[in-house]
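**Q** Going left to right, the sequence shown walks through residues 6 to 502 as my numbering numbers them.
Each residue gets a CB set at the ideal place from its N, CA and C atoms; glycine is no exception.
One structure is given below, represented as structure tokens, and several questions about it will come after.
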Amino acid sequence: MAAPDIELSSFSHQKTARDVFRLQDLALDDVDLDIDLESTQRTSGESTRRHQPRDADINNLSHEAIHVQEAPQNSTEALPPVDGGKKAWLFLLAATSMEILVWGLPFSIGVLHVYWTNEVFHGEGAGTVTLAATLQTGLLYIFCALVGLLFAAFPKRMRTIQIIGLMVGSSSMVAAAFVTKPWHLIITVGCFYPWICAAWFPCATILFEWFHAKRGLASGIMYAGSGGGGTIFPLVLQALLSRFGYKAAMITLGIAYAALGSIALIPIKRRIPLSRYELDGAASGAGGTGNGRRAAKMNWSFLKKRAFVLGVSTILLTSLGNFIPTLWIPSYAEDLGMHKPDGTAVISILNAASALGCPSIGWLSDRLPLRATVLISCIGSALACAFLWGFGTHQATFVIFAIVFGALGCSFTSIWSKIIGYAAKDDPSATALVYAIFTATRGIGNLSSGPVSEALMKFRLANAPGAYGVENYGVLLVYTAVTIIAGGVTGAFFQDR
6 MAAPDIELSS
16 FSHQKTARDV
26 FRLQDLALDD
36 VDLDIDLEST
46 QRTSGESTRR
56 HQPRDADINN
66 LSHEAIHVQE
76 APQNSTEALP
86 PVDGGKKAWL
96 FLLAATSMEI
106 LVWGLPFSIG
116 VLHVYWTNEV
126 FHGEGAGTVT
136 LAATLQTGLL
146 YIFCALVGLL
156 FAAFPKRMRT
166 IQIIGLMVGS
176 SSMVAAAFVT
186 KPWHLIITVG
196 CFYPWICAAW
206 FPCATILFEW
216 FHAKRGLASG
226 IMYAGSGGGG
236 TIFPLVLQAL
246 LSRFGYKAAM
256 ITLGIAYAAL
266 GSIALIPIKR
276 RIPLSRYELD
286 GAASGAGGTG
296 NGRRAAKMNW
306 SFLKKRAFVL
316 GVSTILLTSL
326 GNFIPTLWIP
336 SYAEDLGMHK
346 PDGTAVISIL
356 NAASALGCPS
366 IGWLSDRLPL
376 RATVLISCIG
386 SALACAFLWG
396 FGTHQATFVI
406 FAIVFGALGC
416 SFTSIWSKII
426 GYAAKDDPSA
436 TALVYAIFTA
446 TRGIGNLSSG
456 PVSEALMKFR
466 LANAPGAYGV
476 ENYGVLLVYT
486 AVTIIAGGVT
496 GAFFQDR
């Protein structure tokens, strides 16, 4: 009776081993797995004992199986395809939608600014209302630096941070519906809305995982969302305000942001699991996040790289001038007596041109050297300011300027992905940090454009031709063209990898 017991035990062990091997495709030289039911039953106890796996073998097998079961999660074969595929394009669609939501309102804040000034707070606090409108965009850029540090330090909390940012931004619009004093707008729209950047920020950094060869084109498509939002939102806001009134319009806007933003967040996921980065970091001795409760170690080595220094310098210089046209186009159009199209329509034309220019400039950055793309954007937009705006006092010339500047100047952010790739070398934590610093640098340019341009408008170029002699725009035009050209000259020092 001993032999059958041994045979049954042997078969049980062998069947377990065979199943594990089949699932994990492992092989052990000293274990014969090619045993079927019939041969097992015919095998004598002595023969069975010869083929029976030792307990040590089974333990080793189980240990190896556990590790191999984890391997597909960290294997490159298991990752979604890069530069294409359903998940990559869904991510890009969601990222572009988030770009429209987050940046569409700041790019069309002029509509609300007029309504606040003329309807809600008529005759009071005009300066405070203007501060709230301009503070929103500047803080959006500055806050990106803060949330960038959060995402780099706590990458596993990405979704939580995104949801909090979306809810704060959406709630700020609902709260703005109940303001009774101009300074309330500074708190709601000016200071709380910019936290919505936390919902958007991972879109710009995770894009580096989904797209490599087509990274410039993909980033251009995403950034085109801001121009698209700047084109659509003025029409949407105007329709809501005229049909439902201010309070209902702002509440509707806040609820719509929360709903649409929540849907857009669903496909925004990493292509490469964080566990893979942790294993790579552990293998290289860089350490990891351990049990996930500790903050990740951030890599600051990019600060010493030439590409990073040139990137910050180029972005700062171009940002000092790039925001001025959008700020002063409505006033200039009014000074010229333009009505068809008026200043608001010209801004919409400029934003529409940037929606087309962003993917075009991004596509060029995938195919041309970095310095060439920077020069095309900077020199083209600077010359448009100096000549099309500078010497054009007719509506047709001014509209052409808006198209050229929108396509080249407002599309400069599409080049960022290539600059960041040079500086961060596709390190996920470094990518977030570099992008955060770049957006903060752009925010400095945005915040300074208001007071600097106001100061420059106090000087006049007497008897100057064209727009240089219209009111006090001459010095302002020179400053805009020179700063953008300076950014292009700095960008010319980029070296190809």
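#1: Suppose you measure from the CA of residue 252 to the CA of residue 165; what does that come to, to the nearest Å?
#2: Mind checking if residue 487 is an interface residue toward chain C, Cβ cutoff 7 Å exclusive?
#3: Assign residue 250 to one of three DSSP states: helix, strand, or coil.
#4: Check the C-beta distance from residue 435 over to residue 429 and give it rounded, since I have them as a contact under 8 Å.
#5: For the stretch 148-155 against the stretch 241-250, are there 3 or more C-beta pairs whose distance is under 8 Å?
#6: Measure the alpha-carbon distance for residue 462 versus residue 84 and round it to whole angstroms.
#7: Here's the rule: buried if 16 or more other CB atoms are within 10 angstroms of the residue's CB, otherwise exposed. What is residue 451?
#8: Given this structure, state the Cα-to-Cα distance separating residue 188 from residue 255, to the nearest angstrom.
#9: Which same chain residues end up closer than 6 Å to residue 74 when comparing Cβ atoms and leaving out the 5 residues on each side of it in sequence?
#10: At what residue ranges does the stretch 306-390 contain a whole run of the alpha helix (DSSP H), taking only runs of 4 or more?
#11: Can residue 231 and residue 112 be called in contact, C-beta distance under 7 Å?
#12: Using the Cβ count rule (16 or more neighbours within 10 Å means buried), how would you classify residue 209?
#13: Would you report the Cα separation of residue 412 and residue 204, rounded to the nearest angstrom?
#14: Is the distance from the Cβ of residue 327 to the Cβ of residue 236 below 7 Å?
#15: Can you check whether the CB of residue 417 is closer than 7 Å to the CB of residue 389?
#16: How would you write the range of the alpha helix (DSSP H) that residue 189 sits in, first residue to last?
#17: CB-CB under 6 Å to residue 180, same chain, minus the five flanking residues each way: which ones, in chain order?
#18: Output the residue ranges of the alpha helix (DSSP H) runs that lie fully inside the stretch 143-229 and measure 4 residues or longer, sorted by chain position.
#19: Going by the beta-carbon positions, is the gap between residue 171 and residue 266 smaller than 7 Å?
#20: Is the separation between the beta-carbon of residue 178 and that of residue 250 shorter than 7 Å?
#21: Where does residue 23 sit, in a helix, a strand or coil, going by DSSP?
#22: If you follow the alpha helix (DSSP H) that residue 277 is in, where does it begin and where does it stop?
#23: Can you find the residues in the same chain that come closer than 8 Å, C-beta to C-beta, to residue 354, ignoring five residues on each side of it along the sequence?
#24: In the DSSP assignment, find the unbroken alpha helix (DSSP H) run with residue 104 in it and report its ends.
#25: In the DSSP assignment, the alpha helix (DSSP H) including residue 406 goes from what residue to what residue?
#26: Note down the Cα distance separating residue 167 from residue 207, rounded to an integer number of angstroms.
#27: What residues in its chain sit with their C-beta under 8 Å from that of residue 497, if we drop five residues either side in the sequence?
#28: Would you call the CB atoms of residue 261 and residue 99 closer than 7 Å?
#29: Measuring alpha carbon to alpha carbon, tell me which residue in 458, 459 and 437 is nearest residue 158.
#30: Taking just the CA atoms, how far does residue 110 sit from residue 341?
#31: Between the stretch 480-497 and the stretch 312-320, can you find at least three pairs of beta-carbon atoms closer than 8 Å?
#32: What did DSSP end up calling residue 87 once you bin it into helix, strand or coil?
#33: Give the DSSP-derived three-state secondary structure of residue 255 in the structure shown.
#34: Check for me: the alpha helix (DSSP H) holding residue 424 runs from which residue to which?
#35: By the three-class DSSP mapping on this structure, what secondary structure does residue 475 have?
#36: Taking all protein chains shown into account, do 16 or more other C-beta atoms lie within 10 angstroms of the C-beta of residue 364, making it buried, or fewer, making it exposed?
**A** If we stick to the structure as given:
#1: 30 Å
#2: Of the protein chains in this structure there is only one, and it is not chain C.
#3: coil
#4: 4 Å
#5: no
#6: 55 Å
#7: buried
#8: 17 Å
#9: Here the model assigns residue 74 a pLDDT of 39, short of 50, so the residue's position is not dependable, and the following value carries that caveat. Around residue 74: no qualifying Cβ.
#10: 311-327, 329-341, 348-372 and 375-388
#11: yes
#12: buried
#13: 27 Å
#14: no
#15: no
#16: 187-190
#17: 193
#18: 163-181, 187-190 and 202-215
#19: yes
#20: no
#21: Confidence is the limiting factor: at residue 23 the pLDDT is only 42, short of 50, which leaves the residue's position unreliable, though a coordinate-based value still follows. Residue state, collapsed to three classes: helix.
#22: Per DSSP, residue 277 belongs to no alpha helix (DSSP H) and is neither H nor E.
#23: 346, 404, 407, 408 and 411
#24: 91-109
#25: 400-413
#26: 8 Å
#27: 376, 379 and 380
#28: no
#29: 437
#30: 27 Å
#31: yes
#32: coil
#33: helix
#34: 421-429
#35: coil
#36: buried
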